[in-house]
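Q: Starting off with a structure, shown below.
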């Protein structure tokens, strides 16, 4: 397990907040701690059980798979001699597709937190390529904010079609890059529940709140994705697009959906430290989203003849079209005393589509039909204890 420092830093931060909160005259840190960890005054105690905030530590494990794909369609000119040695310009259609797809990887991790706040780090093991996920989340009854940093590195599969099948110059090529491609993304999810009286979104995912009776709520959701997809500029696939080897994207989406907590069983604790507590909660959440801001930037590289290094020479910016994406979540929680076992599944699917540009041997085209997709699914296990 690498990079434990973020978890330790976060624990120190929370400890400082806790010390500040214990003072009679609370300062800014104490008020901040109360804001994010105190129990909600809006929730009906007959609908949701809110124990006092505690330190929580958990072991996590998950199965996950992510992929990023891209398609480009464009035409390049070439000159041929016609009758009477007349120069005729013809256009060759080109179709190029690529996909960076991770295997179904297994990952283990640690999670630590206090009250509604937690931080987690996980890493794959015995997997092809590399994949790391670092996350911070705030899960309360009516609000949820999760920040994730995602890093995936794997070889890229590609397929190229040059010209049309009935043309003498027609050819197809497909293969795998020699060097791994890389996908990095910062993903921020925010959810707001309109039913703030009898519904606790986090009940099935964290073990900090316990739904007593089944209830649901209409939800408002937003998602921000800042992504970077790159390959080695020396790859043959990069040469087919004039040296394009790096794409960055910025997407901002908003939407609305519904979330429902089904509670088959709940028993209130009968002693201190939640002794006797029993709870089973199942959550289903589905939120379609409209991507209102969708900007995509392609960077072109060329090799320097003197240094043999690849240098950035051009950028093309594309503003994508409005698209419908979605977020789907499923979670089940089983709690006994201070222990909570969580099983959850999630699916994210976000796309971009528009017209971009490229420069190829002095010719510049601003009519490159470009589309792409980022998707990820995950099945996660969590065993936590409140102290």
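Residue numbers (my numbering): 29 to 415. Just so it is clear, CB atoms sit at the ideal spot from N, CA and C, and this is done for glycine as well.
Quick check on the burial criterion: 16 or more other C-beta atoms within 10 angstroms. Buried or exposed for residue 139?
A: With 16 or more other Cβ atoms within 10 Å, it is buried.
Q: Quick check on the burial criterion: 16 or more other C-beta atoms within 10 angstroms. Buried or exposed for residue 106?
A: It is exposed - the Cβ of residue 106 has fewer than 16 other Cβ atoms within 10 Å.
Q: Just the Cα atoms here: how many angstroms apart are residue 272 and residue 329?
A: One C-alpha to the other measures close to 6 Å.
Q: Just how far apart, CA to CA, sit residue 282 and residue 352?
A: Rounded to whole angstroms, residue 282 to residue 352 spans 10 Å at the Cα level.
Q: Can you have a look at residue 115 and say buried or exposed, based on whether 16 or more other CB atoms are within 10 angstroms of its CB?
A: Classification for residue 115: exposed.
Q: Quick one, are the C-beta atoms of residue 324 and residue 380 less than 8 Å apart?
A: A contact, by the Cβ cut-off of 8 Å.
Q: Expressed to the nearest angstrom, what Euclidean distance is found between the alpha-carbon atoms of residue 289 and residue 99?
A: Cα to Cα, the separation comes out at about 40 Å.
Q: Once DSSP output is grouped into helix, strand and coil, what is the label at residue 112?
A: Correct three-state label for residue 112: helix.
Q: Tell me which residues share the same chain as residue 209 and place their Cβ nearer than 6 Å to its Cβ, disregarding the 5 neighbours each side in the sequence.
A: Correct list, in chain order: 128, 184 and 259.
Q: Can you round the beta-carbon distance between residue 237 and residue 76 to whole angstroms, since I take them to be within the 8 Å contact cut?
A: At roughly 6 Å, the Cβ-Cβ gap stays under 8 Å, so residue 237 and residue 76 are in contact.
Q: Looking at the secondary structure, which residues open and close the alpha helix (DSSP H) in which residue 143 lies?
A: Element bounds for residue 143: n/a, residue is neither H nor E.
Q: Out of curiosity, what's the CA-to-CA distance linking residue 130 and residue 395?
A: Near 31 Å, if we compare the C-alpha coordinates of residue 395 and residue 130.
Q: What's the call for residue 268, buried or exposed, on a 16-neighbour Cβ count within 10 Å?
A: Classification for residue 268: buried.
Q: For residue 301, does the count of other Cβ atoms within 10 angstroms reach 16, so buried, or fall short, so exposed?
A: Residue 301 should be labelled exposed.
Q: Can you name, in chain order, every residue of its own chain whose Cβ lies under 6 Å from the Cβ of residue 338, other than the five neighbours on each side?
A: Excluding positions up to five away in sequence, the list reads 261, 329 and 331.
Q: Residues bridged to residue 238 by DSSP?
A: Beta-bridge pairing links residue 238 to 77.
Q: Have a look at the DSSP bridge pairing and note the partners of residue 414.
A: For residue 414, which the question treats as bridged, DSSP gives the partners 84.
Q: Can the beta-carbon of residue 229 be found less than 8 Å from the beta-carbon of residue 169?
A: Yes, these two residues count as a Cβ contact at 8 Å.
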